[in-house]
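Residue numbers (UniProt numbering): 1 to 392.
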Amino acid sequence: MEQGAADRNTTSFGDLPLEVQSMIGRYLWQYELPVCLRVCRAWQKIFSPHLWREADLSWNRKEVEYDFVDGLKTYGHLLRSLTVRDDSLFLCSIMRSRPDFQLTSLEVHLTHTGHWQPFIHFLRRGSTTGWKRLIFSVTVEQGPTYEFAADFFEALLKHASTLEVVRLEDECYADAEGINRLLCTAPNLKVLYVSNDHKDGHAGGYLDAKAIVDSEWVCDDLEVFACEIRNIPRPDITRTILNQPATKFVQTGTVEESLDLQYRIYSKLARLTKLRELTLGFYYIPGNSIVVPKNRDHIRQFDCLAMTLESGLDLLKDLMELREVGLQDMEIYIDGEQEQEWFDEHWPNVAIDNENLDEDQSDSNTVDEHVSDEEATVEEEEVPLPPPVNSE
């Protein structure tokens, strides 16, 4: 028995079958693989495919980029995942080095509103087998917000049949029609995350309620839905908003029109039975030059789902896989006794994030008691008002 154990312990890596040696490479970190390549030519052949499966070039080191582009001529066919920053010239160099990529994942960190067309071109041509995972993270310190407009979605939808993850994060605006078309044409989509940056007053970055109720979504396996749904009439909102009547900010429409539209939207969301996360509102943090101590009405949604039983919330009771719900900066009324009992019964394991809605909204036009009246006036003038409501 002991002799057998000793024999097993003397088995070297080279004695293992080739397929087992190749499998080991999947469990090594990216920084460990280059070491393996230096051992011998046999190891180089085994581990090169694993090293070149993914590349993270999101840092600013030109010498590494040049070596990487040169290496693509030999190993580019092995590359499956690429992470880059918003250097459009570098992206052009990648495309010139090898036009037959079989990439499935692309992550881009955008920090300035530079030349956008190379990214559109790369979306069209960067994968001969079809994109599965696309992440664009936007952090623009100066200049306008990134706009993922119709041309972006035209390139994206060419890969609709293979897409599984689409994330447009942070400071961005996305075309509402494009988002809806993606949901109607991507049957394998599991994650949709589209944040809405309100800082430029864009009327976008959300789904239009009236447009989506008549469309047919095909993404039945969706697990993460994070996108605002707007343009819903909310005649139930009657409080004063920013010292003005609610009608200045609320979509026009009757109670019947509002409830009918909300019921149809709840019904649409209820079909997504595999949802783990449902985010309909994002917590937007204004820039450092803007101070809003209490009042967040400048960026609150006044044309969203009310999330009340009267409006149709009960239609979502069968979302049994749900674990996270994001309702930040939304005009919702979930603190009623009936709504709270409903959450306890149907969503006992769901974490509901409705930050800032515990404040007394009737007093939402007041400012921090430590701020003088004069300072408060200046602060309110510095904060842009919400975009005008769409009265269509």
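Beta carbons are placed, not taken as given, at the ideal position from N, Cα and C, and that holds for glycine. What you are looking at is a predicted structure, and each value in this text was computed from that prediction instead of being measured.
Rounded to the nearest whole angstrom, the CA to CA distance from A186 to N196 is 21 Å.
For V325 and N349, the gap between their C-alpha atoms comes out near 11 Å.
Residue environment analysis places M320 among the exposed positions, since fewer than 16 neighbouring C-beta atoms fall within 10 angstroms of its C-beta. In this structure, L110 places its C-beta atom within 8 Å of the C-beta atom of V138. Cβ-Cβ separation between K317 and L261: approximately 20 Å, too far for a contact (criterion under 8 Å). Between L322 and I265, the beta carbon gap of about 16 Å keeps them out of contact (Cβ cut-off 8 Å).
If you compare the alpha carbons of K268, Y75, I237 with that of G312, the shortest gap goes to K268. The three-state secondary structure of M330, taken from DSSP, is strand.
Within the same chain, and ignoring the five residues on either side of F148 in sequence, the residues whose Cβ sits closer than 8 Å to its Cβ are F136, L168, C172, Y173, A174, D175, G178.
In this structure, the CA atom of D56 is about 6 Å from the CA atom of L82. Within the model, the alpha-carbon separation for R239 versus C92 is close to 53 Å. Under the criterion of beta carbons closer than 8 Å, L189 and E164 qualify as touching, at roughly 6 Å. When the five nearest sequence neighbours on each side are left out, the beta carbons in the same chain lying within less than 8 Å of the beta carbon of L79 are those of W52, R53, E54, A55, L72, F101, Q102, L103, in order along the chain. Between the segment 274-286 and the segment 212-227, the count of Cβ pairs shorter than 8 Å is three or higher; the stretches touch.
For T185, the enclosing alpha helix (DSSP H) stretches over residues 176-185. Closest in C-alpha terms to D170, from the list D344, S215, A160, V140, comes V140. T162 is positioned such that its CB atom lies closer than 8 Å to that of G130. Taking 8 Å as the cut-off, the Cβ atoms of R133 and L157 do not count as close. In this structure, DSSP gives R125 a helical state, which the three-state scheme calls helix. Straight across, the Cα-Cα distance linking Y263 with I94 is about 48 Å. Cβ atoms of N231 and D303 come within 8 Å of each other, at about 5 Å.
Membership of S267 in the alpha helix (DSSP H) is indicated by the continuous run 255-270. The alpha-carbon separation between D214 and D70 amounts to approximately 50 Å. Distances from the CA of L275 to each of L222, E345, T74, T128 were compared; the closest alpha carbon is that of L222.
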